[in-house]
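Visitor:
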Amino acid sequence: MKHKSGQKKIPVIPAATLDTKGFRLLPLIPEQVDSYEMHRHDCFQLFWINEGHGTAQIDFQGYSFYPNTLCLISPGRVHGLIECKPDKTFSGWLLVFSKELLVGQQLKWPHSLIDLMEGTPFHRIAADQATIFNTLFSLLEREQEIERKEQLEAVNSYLRLILIEMSRIQDSWQQRHREEAGFRLTKKFVTAVESHYRTVHSVSGYASMLHVSSNHLNESIKKTLGKSAGKVLRDRQLLEAKRLLRYSNAI
Numbered sequence: 000m001k002h003k004s005g006q007k008k009i010p011v012i013p014a015a016t017l018d019t020k021g022f023r024l025l026p027l028i029p030e031q032v033d034s035y036e037m038h039r040h041d042c043f044q045l046f047w048i049n050e051g052h053g054t055a056q057i058d059f060q061g062y063s064f065y066p067n068t069l070c071l072i073s074p075g076r077v078h079g080l081i082e083c084k085p086d087k088t089f090s091g092w093l094l095v096f097s098k099e100l101l102v103g104q105q106l107k108w109p110h111s112l113i114d115l116m117e118g119t120p121f122h123r124i125a126a127d128q129a130t131i132f133n134t135l136f137s138l139l140e141r142e143q144e145i146e147r148k149e150q151l152e153a154v155n156s157y158l159r160l161i162l163i164e165m166s167r168i169q170d171s172w173q174q175r176h177r178e179e180a181g182f183r184l185t186k187k188f189v190t191a192v193e194s195h196y197r198t199v200h201s202v203s204g205y206a207s208m209l210h211v212s213s214n215h216l217n218e219s220i221k222k223t224l225g226k227s228a229g230k231v232l233r234d235r236q237l238l239e240a241k242r243l244l245r246y247s248n249a250i
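The opening position of the sequence shown corresponds to residue 0 in numbering that gives the first Met the number 0, with each subsequent residue numbered one higher.
Next comes the structure, spelled out in structure tokens:
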């Protein structure tokens, strides 16, 4: 099928043009950053921005980046720089590595990393974690300077450590999100019980009210409060019964 005359094509920059032998580490130079137009690669790209502010685009979404920002882009994703703030210091690294390096060295590719790439690819890293990435990128730079004994094995080890750290960070983010979501659900449940314990007597009734399954509600309450949703409901009903016995002539 022929393309229409004048139709713009998105350039594909193969790893071979970057003179990679499985990997290449490139400094992010401010003078070159402004020229990063929309393109894609047949290899993985890992950006580590330790200083600088700006905006980049991946596919159809724009993302802001800040100091200590990590971005992993999988092969084929269209990306480019929109803006780099000229009044700010800008520095960092671009690690390019081939798909063959992952396969040949049998690096594991956790599902959480796929989520990191395909979901929100830009992630700001805490200062203590940033120190780890700065060290690993410095070690990769050392390997690239001159050929060394068992160089590919060393590169593989550093890359594996980077992926492990990224996977840990992603798992931590997901866990924190689950905990925050569980806390919010627990708060809603306790509020609902306080308002409806006289008329709604089943966990399933509250689950329906909160638009979640009974199992999910119960698991969230257990993780947050250490007891089941049913126990929370019974405790509230029992408290009211004790109050009536002590302070009312209703019984």
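Ideal Cβ placement from N, Cα and C applies to all residues, glycine included.
Who pairs with phenylalanine 64 in a beta bridge, going by DSSP?
Guide: Answer is Gly53.
Visitor: Please give the ranges of any beta strand (DSSP E) in the segment 110-171, keeping only runs that are unbroken, at least 3 residues long and fully inside the region.
Guide: List check, beta strand (DSSP E) in window: 121-123.
Visitor: Please report the distance separating the alpha-carbon of histidine 122 from that of valine 189.
Guide: Rounded to the nearest angstrom, the two C-alpha atoms are 34 Å apart.
Visitor: Within 10 Å of its beta-carbon, does glycine 61 have 16 or more other beta-carbons around it, so buried, or fewer, so exposed?
Guide: So glycine 61 ends up on the exposed side.
Visitor: So, with DSSP's three-state summary, where would you put glycine 91?
Guide: If DSSP states are grouped into helix, strand and coil, glycine 91 belongs with the strands.
Visitor: Please state the DSSP three-state secondary structure of histidine 40.
Guide: In this structure, histidine 40 counts as strand in the three-state DSSP scheme.
Visitor: Return the CA-CA distance between phenylalanine 64 and serine 227, expressed in angstroms with no decimal places.
Guide: In a straight line, the C-alpha of phenylalanine 64 is about 42 Å away from that of serine 227.
Visitor: What number of angstroms, rounded off, separates the C-alpha of arginine 175 from the C-alpha of methionine 165?
Guide: Spanning the two alpha carbons is a distance of roughly 15 Å.
Visitor: Going by the CB atoms, is the gap between leucine 94 and leucine 139 shorter than 8 Å?
Guide: Their beta carbons are under 8 Å apart, which means leucine 139 touches leucine 94 by this criterion.
Visitor: Could you check the C-alpha separation between glutamine 169 and leucine 45 for me, to the nearest Å?
Guide: Using only the alpha carbons, I get a separation of about 15 Å.
Visitor: Going by DSSP, which residues form a beta bridge with arginine 23?
Guide: Val95.
Visitor: Quick check on glycine 229: does DSSP put it in helix, strand or coil?
Guide: Helix, per DSSP.
Visitor: Please state the DSSP three-state secondary structure of isoleucine 48.
Guide: Three-state DSSP puts isoleucine 48 in a strand.
Visitor: Since glycine 251 and glycine 91 should fall inside the 8 Å C-beta cutoff, what is the C-beta to C-beta distance between them, to a whole number of angstroms?
Guide: Only positions 0 to 250 of the chain appear in this structure, which leaves residue 251 out of reach.
Visitor: Along the alpha helix (DSSP H) that carries threonine 198, what are the first and last residues, could you check?
Guide: Looking at the DSSP string, threonine 198 is not in any alpha helix (DSSP H), and its letter there is neither H nor E.
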